[in-house]
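This report refers to the structure that appears directly beneath it.
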Amino acid sequence: MYLYHAFPRPPSNRDRTPTGNKNAKSILRSILAHGLMCTPERLDIFADPNTEYTEKHRLIAERKPERQHVQSRVCFTLCTAGELYKKCMRGLSPSSSGPRYDQGQIASHADLFGPLAIAIDPIVARRIGVVPTSYYSPNDIFGAKYEGGLDSVPGLNFQIISRLKELREIVVVLAYVEGGLTKNGYTFPSYKELISLEQDLPFDRALLDRILGMREDEKQHLFGLFDLDREPAFNLVGFVDMMLNLFQQTDSSFDDEILAFYQQREFRLIHHMRKGMEWYSLGSHPDFVNPHQKSKKREIKHLRKIISNFRSAKTTERYFKHCWQLEAVDGHQMRDYIDHIIAPRKDKNWIRKELKNYGIQIEVLEAETHGYSPP
23 MYLYHAFPRP PSNRDRTPTG NKNAKSILRS ILAHGLMCTP ERLDIFADPN
73 TEYTEKHRLI AERKPERQHV QSRVCFTLCT AGELYKKCMR GLSPSSSGPR
123 YDQGQIASHA DLFGPLAIAI DPIVARRIGV VPTSYYSPND IFGAKYEGGL
173 DSVPGLNFQI ISRLKELREI VVVLAYVEGG LTKNGYTFPS YKELISLEQD
223 LPFDRALLDR ILGMREDEKQ HLFGLFDLDR EPAFNLVGFV DMMLNLFQQT
273 DSSFDDEILA FYQQREFRLI HHMRKGMEWY SLGSHPDFVN PHQKSKKREI
323 KHLRKIISNF RSAKTTERYF KHCWQLEAVD GHQMRDYIDH IIAPRKDKNW
373 IRKELKNYGI QIEVLEAETH GYSPP
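Residues in the sequence shown are numbered from 23 upward in steps of one, following the working numbering.
Below you can see the structure in the form of structure tokens.
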């Protein structure tokens, strides 16, 4: 079994147009030249029904989330080559009498995400930080689908996500207490830098204003109560964000089929930092978070153009800000971590030419020998 990242994702109407091959070439060239890109996905976090905040009560009544957390990730599925193209039931169909088997969608992974795929060995993938997805059931306490509102209570999974969000808020407060202070020659990020990292409290800005108005000796006193053997608070916020970046719901968000997403055995590469990793964002960040943004100016411009061409909706600066490119790990380009590529027979020649441009020997398997049938 390998971790496969399949592409190009077909349009929702499954209409195979001539642009499919063009997109496939663009994606593979980008991976070979620049590495793997983590792109944004939204995770809706609903307010707790017991909240004391009037504004949050309004959001619950309107079935709107209190926070839309932006995940930066690239997804893989753990399977054999044959499983990429094997058509199977993706989930159970909801009905008035409960979930049933007879109307689940019959589709292969390739049908949903594309017939080409790069493969990474699961053990090798650990070195670059690929980890299993944290699945959650999107239900209320009685097992029905939870969509907010005053007439239902979120289930355990939603409650866990909400508690993580609350822990994040506590650490954001500590990050503001630390803001601008210096310890052992290290100066903690300023308030302006914290805002640029989206470390804010939209429902408690008055509290942050109180911290901003504190004298330095008052802040030093509070800081002393939390001066443990730990990372700076803004880094701890980042790790909570990483935990939130791993959440994926078990049920399909497209057609509500139960456990459809769970069957994908999803793993994720999320944006995270360690020594030896070379990341850069396609958006603007403080230099200490995105140190390569100046040296990668040409690459960033090129990749932004590719993304804009792929997306039908207008691409915002916030979207680009959450696009993170992993170019290399421990001195090796990301293309060096690819075990093999699997693709339809008609694509084999151009893929080999692309590989030859980089002087790399990666086996190209024919998808047809593993059950793929061209449309």
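Every residue, glycine too, gets a C-beta built ideally from N, C-alpha and C.
Cβ contact annotation for residue 48 (same chain, cutoff 7 Å, sequence separation greater than five): 328, in chain order.
Here DSSP, grouped into helix, strand and coil, assigns residue 280 to strand. Between the C-alpha atoms of residue 275 and residue 94 there is a straight-line separation of about 18 Å. According to DSSP, residue 301 shares a beta bridge with 348.
Of all C-beta pairs linking the region 46–63 to the region 155–172, fewer than three are shorter than 8 Å, placing the two stretches out of contact.
Cβ-Cβ separation between residue 362 and residue 390: approximately 15 Å, too far for a contact (criterion under 8 Å). Residue state for residue 23 is assigned as coil, using DSSP reduced to three classes.
Two segments are said to touch when three or more pairs of C-beta atoms, one from each, lie closer than 8 Å; by this definition the region 227–236 does not touch the region 279–293. Put simply, of 140, 263, 233, 132 the residue whose alpha carbon is nearest the alpha carbon of residue 189 is 263. Closest option to residue 369, judged by alpha-carbon separation, among 133, 86, 43, 214: 43.
DSSP, read as helix, strand or coil, puts residue 162 in strand.
In the DSSP assignment, residue 76 falls within the unbroken alpha helix (DSSP H) covering 76–83. Within its own chain, the residues whose Cβ lies closer than 6 Å to the Cβ of residue 152, once the five positions on either side in sequence are excluded, are 289, 291, listed in chain order. DSSP, reduced to helix, strand and coil, places residue 356 within a helical segment of the structure shown.
Residue 89: not part of any alpha helix (DSSP H); member of the beta strand (DSSP E) spanning 89–101, first to last residue. Taking the CA atoms as reference points, residue 201 sits about 28 Å from residue 69.
For residue 55, the closest of 360, 110, 393, 392 by C-alpha to C-alpha distance is 360. Within the model, the alpha-carbon separation for residue 265 versus residue 332 is close to 28 Å. Spatial neighbours of residue 175 in its own chain (CB-CB distance under 7 Å, excluding positions within 5 residues in sequence) are listed in chain order as 71, 162, 163.
The C-beta of residue 322 has 16 or more other C-beta atoms within 10 Å across all chains shown, which makes the residue buried. Here DSSP, grouped into helix, strand and coil, assigns residue 396 to coil. In this chain, the alpha helix (DSSP H) harbouring residue 144 covers 144–149.
For residue 362, the enclosing beta strand (DSSP E) stretches over residues 362–365. By the criterion of a C-beta distance shorter than 8 Å, residue 366 is surrounded in its chain by 137, 138, 388, 389, 390, 394, 396, once the five residues flanking it on both sides are discounted. Here DSSP, grouped into helix, strand and coil, assigns residue 234 to helix.
An exposed status is given to residue 330, since fewer than 16 other beta-carbon atoms sit within 10 Å of its beta-carbon.
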